[in-house]
Amino acid sequence: MTVIERPPLWSRLKPWLVGFDIPLLLAVLWLCFWGLLCMYSAGYDHGTRFVDHARNMVLGLTLMFLVAQVPPQRLMAVAIPLYAFGVTLLIATALFGITKKGATRWLNIGITQIQPSELLKIATPLMLAWWFQKREGLLRWPDFIAAFGLLLLPFLLIAKQPDLGTGLLVLAAGLYVIFFAGLPWRLILPVMVLAAAGIVALVASEDHICEPDVKWVLLKEYQKHRVCTLLDPSKDPLGKGFHIIQGEIAIGSGGVTGKGFMQGTQTHLEFIPERTTDFIFAAFGEEFGLMGALALLIGFSALILRGLMIASDAPTLFTRLMAGAVTLSFFTYVFVNMGMVSGILPVVGVPLPFISYGGTAMVTLGLSLGLLLSIARVRKLVKT
């Protein structure tokens, strides 16, 4: 009688775990710790927010682990179908979508409602990275024009919903790919100079352009209110400026060390709007203070720096572009969220990765991290 001995559990799991980037995983776990801690405090009396956040985090980490097993070559193969599927869903949302609070962003697929724009945060840079990989060594200016066309299509569809916050995130992710692909500085610098001049002109003419009878051609009325509120929140302290003012009060009252875990008065007396989603950094700053914010920034900085290191050492143009775009997208999330809560950027509804509540955002986060880990695994396996 032949006895077949089963290999130990570690031997069976080792092929799945080999090549994982430990510094990146440590940064992720550090941020997950703070995310759970903050959500417990901000959301313990807010229904099942903490339990749901923990579930979403497990789902995101599971997706991260599964996507990390997929070689970048296979990820490249799904670039066109994923992009086409995402754009099709955006068109379906425009035609048949569900409208909530004046925005048509959700699509009913029978078993649940989805927000297709979240998919384009991954599909758009993936498609652009595929585009430039196919033209490696043969890039000409028509290729960059075509790339901008591929980027503007989902951006305009998302902005029309309207969802300018998500649209700008998709736009930023695509622009990072185009920049890393070799967009000439002579085209980048004039845009940066014009943007800086526009910001200065906006601030200088705030008294005139924010008058009620002045119409902004390119932005909707609510978007005009957001910008004008940023310039002077005190003009509408109980309306449009309430979010910014309360966020600044909460962060400022935290001081150096914070008021303590679950001791935030602005948070638990419900002065902070959206305290478990977009404005959770205000609740975090109130309870953990400057030291807590620095601990959070250290985690994000470690994640971003490690991602850029993975991008710089990636074996192919596709993997370099994708890793660079995904990494700088994390930077965009963090900068925009902390900036809007602190009163230096308009309120655009961008979550803080790992910290803010949101199932779709956590799924997107897990997919993005899985892409980074997949690229890091290939790099390590090639070296060995």
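Using my numbering, you'd call the opening residue of the sequence shown number 49 and step up by one each time. Positions of the beta carbon are idealized from the N, C-alpha and C atoms, including for glycine. Because the structure is a prediction, the values reported are computed rather than measured.
request  = Would you list the residues sitting across from L155 in a DSSP beta bridge?
outcome  = Position 107 of the sequence shown holds residue 155. Answer by DSSP bridge pairing, in chain order: I162.
message = Considering just the uninterrupted stretch of the beta strand (DSSP E) at T147, what are its terminal residues?
response = Residue 147 sits at position 99 when you count from the first residue of the sequence shown. Segment I146 to K148, the beta strand (DSSP E) holding T147.
ask   = Could you give the C-beta distance for T136 and R153, rounded to a whole number, given that I count them as a contact under 8 Å?
value = The residue given as residue 136 occupies position 88 in the sequence shown. The residue given as residue 153 occupies position 105 in the sequence shown. At roughly 16 Å, the Cβ-Cβ gap does not stay under 8 Å, so T136 and R153 are not in contact.
ask   = Exposed or buried, which one is L223 when buried takes at least 16 other CB atoms within 10 Å?
value = In the sequence shown, residue 223 corresponds to position 175, counting from 1. It counts as buried.
request  = Count the other C-beta atoms from every protein chain shown that fall within 10 angstroms of the C-beta of R234, then say buried if there are 16 or more, exposed otherwise.
outcome  = Position 186 of the sequence shown, counting from 1, holds the residue named residue 234. Result: exposed.
message = Does the contact criterion of 3 or more C-beta pairs under 8 Å hold for the stretch 411-418 versus the stretch 92-111?
response = Touching, yes.
query = What are the start and end residues of the alpha helix (DSSP H) that includes Y381?
reply = Here residue 381 corresponds to residue number 333 of the sequence shown, with the count starting at 1. Y381 -> alpha helix (DSSP H) spans L365 to S390.
ask   = In this structure, does DSSP put F319 in helix, strand or coil?
value = Start at 1 with the first residue of the sequence shown, and residue 319 comes out as number 271. The DSSP-derived three-state label of F319 is coil.
request  = Identify whether I70 lies in helix, strand or coil by the three-state DSSP scheme.
outcome  = Position 22 of the sequence shown holds residue 70. In the structure shown, I70 sits in a helix (DSSP, three-state: H, G or I).
request  = Specify the secondary structure class of W189 as computed by DSSP and reduced to three states.
outcome  = Along the sequence shown, read from residue 1 onward, the residue named residue 189 stands at position 141. The answer is helix: DSSP assigns W189 an H, G or I state.
ask   = Is the beta carbon of F379 less than 8 Å from the beta carbon of L79?
value = As a first step, residue 379 is located in the sequence shown; it is residue number 331 there, counting from the start. As a first step, residue 79 is located in the sequence shown; it is residue number 31 there, counting from the start. No, these two residues do not count as a Cβ contact at 8 Å.
key: Nearest to I423 (by Cα), restricted to the options I299, S360 and P281   = Taking the first residue of the sequence shown as position 1, residue 423 is located at position 375. Taking the Cα of I423 as reference, the smallest distance to any Cα among I299, S360 and P281 is reached at S360.
request  = Count the C-beta pairs between the stretch 206-226 and the stretch 161-172 that are closer than 8 Å, then say yes if the count reaches three, no if not.
outcome  = Short answer: they touch.
request  = May I ask which residues mark the beginning and end of the alpha helix (DSSP H) holding P120?
outcome  = Here residue 120 refers to the residue found at position 72 when the sequence shown is read from its first residue. Counting along the chain, the unbroken alpha helix (DSSP H) around P120 starts and ends at P120 to A125.
Environment of K182 [buried if 16+ CB atoms lie within 10 Å] = Position 134 of the sequence shown, counted from the first residue, corresponds to residue 182. By the neighbour-count criterion, in which 16 or more other beta carbons inside 10 Å mark a residue as buried, K182 falls on the exposed side.
key: I299 versus P120, L420 and G391, residue with shortest Cα-Cα distance   = Indexing the sequence shown from 1 puts residue 299 at position 251. The residue among P120, L420 and G391 with its C-alpha nearest the C-alpha of I299 is G391.
key: D100 - DSSP class collapsed to helix/strand/coil   = If you number the sequence shown from 1, residue 100 lands on position 52. Note: D100 maps to helix in three-state DSSP.
query = Alpha carbon to alpha carbon, what distance is there between M357 and A371?
reply = In the sequence shown, residue 371 corresponds to position 323, counting from 1. In the sequence shown, residue 357 corresponds to position 309, counting from 1. Computed Cα separation, rounded: 9 Å.
message = Classify M112: buried if its beta carbon has 16 or more other beta carbons within 10 angstroms, exposed otherwise.
response = Taking the sequence shown and counting its residues from 1, one reaches residue 112 at position 64. Within 10 angstroms of the beta-carbon of M112 lie 16 or more other beta-carbons, which makes it buried.
query = On the premise that V225 lies in contact with L369, defined as a C-beta separation below 8 Å, what is that separation, rounded to the nearest angstrom?
reply = By 1-based counting over the sequence shown, the position of residue 369 is 321. By 1-based counting over the sequence shown, the position of residue 225 is 177. Yes, they are in contact, since the Cβ atoms of L369 and V225 sit about 5 Å apart, within 8 Å.
ask   = Candidates G246, M388 and L74: which alpha carbon is nearest G289's?
value = Translated into positions along the sequence shown, residue 289 becomes position 241. If we check each option's Cα against that of G289, M388 comes out closest.
query = By Cβ distance below 6 Å, which residues in the same chain neighbour R97 in space, the five residues on each side in sequence not counted?
reply = By one-based count along the sequence shown, residue 97 stands at place 49. The beta carbon of R97 sits closer than 6 Å to those of G91, T324 and Y405, all from its chain and outside the five residues before and after it, given in chain order.
query = Can you tell me where the alpha helix (DSSP H) with I293 in it begins and where it stops?
reply = As a position in the sequence shown, residue 293 is number 245, starting the count at 1. In the DSSP annotation of this structure, the continuous segment of the alpha helix (DSSP H) that includes I293 starts and ends at F290 to G302.
Euclidean distance between Cα positions of G303 and V398 = Within the sequence shown, the letter at position 255 stands for residue 303. Within the sequence shown, the letter at position 350 stands for residue 398. Using only the alpha carbons, I get a separation of about 25 Å.
message = Assuming L344 is part of the alpha helix (DSSP H), what are its boundary residues?
response = Counting from 1 along the sequence shown, the entry for residue 344 is found at position 296. Per DSSP, L344 is one residue of the alpha helix (DSSP H) stretching across I328 to S360.
Boundaries of the alpha helix (DSSP H) in which R234 is found, first to last residue = Walking along the sequence shown from the start, residue 234 turns up at place 186. Per DSSP, the continuous alpha helix (DSSP H) segment holding R234 begins and ends at W233 to A252.
query = What distance in whole Å lies between the Cβ atoms of Q161 and I139, which are believed to be in contact at a cut-off of 8 Å?
reply = Mapped onto the sequence shown, residue 139 falls at position 91. Mapped onto the sequence shown, residue 161 falls at position 113. Actually they are not in contact, since the Cβ atoms of I139 and Q161 sit about 17 Å apart, beyond 8 Å.
inquiry  = Please return the same chain residues whose Cβ sits closer than 7 Å to the Cβ of F203, not counting the five positions on each side in sequence.
reply    = The residue you call residue 203 lines up with position 155 of the sequence shown. Non-local beta-carbon contacts of F203 in its own chain, meaning distances under 7 Å to residues more than five positions away in sequence, involve G215, V218 and L219 in chain order.
Beta-carbon spacing of L393, L279 below 8 Å = The residue given as residue 393 occupies position 345 in the sequence shown. The residue given as residue 279 occupies position 231 in the sequence shown. Between L393 and L279, the C-beta spacing is not below 8 Å.
ask   = Using the beta-carbon count (16 or more within 10 Å), is T313 buried or exposed?
value = Working through the sequence shown from its first residue, we reach residue 313 at position 265. By the 16-neighbour rule on beta-carbons within 10 angstroms, T313 is exposed.
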